[in-house]
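Student: Residue numbers (this note's numbering): 13 to 111. The beta-carbon is built from N, C-alpha and C at its ideal position, and this holds for glycine as well. All of these numbers come straight from a predicted model, not from anything done at the bench. Sharing a structure below in structure tokens format, with a few things to ask.
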């Protein structure tokens with residue numbers, strides 16, 4: 013199994029209290045799965061539980077542990093280590109957009 017990462021774009025369903033007023037969200041999502049296809053399926057299910065519908069999954073690739081150069085990469089590396097150790101899916105920061 014591999015740890016995968018992608019940028020997930022989603023839109024909130026009507027009545028979603030967590031993302032009220034936002035036209036959409038973007039979030040990096042990490043998951044340990046046997047394939048890219050399995051990643052897509054698991055992530056769509058997990059995003060659905062947040063009351064969101066996936067619009068697009070971009071830049072899907074195997075997560076590579078490299079020398080940390082930014083605070084964001086350090087945060088993603090910590091999430092990837094959790095996924096490697098415990099499995100499941102980890103979400104980074106949800107960024108909303110209004111346009």
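Determine the direct distance from the alpha carbon of residue 13 to that of residue 108, and round the result to whole angstroms.
Tutor: 31 Å
Student: Can you list, in chain order, the residues of its chain whose CB lies under 8 Å from that of residue 15, leaving out five sequence neighbours each side?
Tutor: 42, 43, 44, 74, 75, 92, 95 and 96
Student: According to DSSP, what are the bridge partners of residue 27?
Tutor: DSSP, once it has assigned bridges, lists no residue as partnering residue 27.
Student: So, using beta-carbon positions, are residue 58 and residue 17 closer together than 8 Å?
Tutor: no
Student: Going by beta-carbon coordinates alone, are residue 55 and residue 20 separated by less than 8 Å?
Tutor: yes
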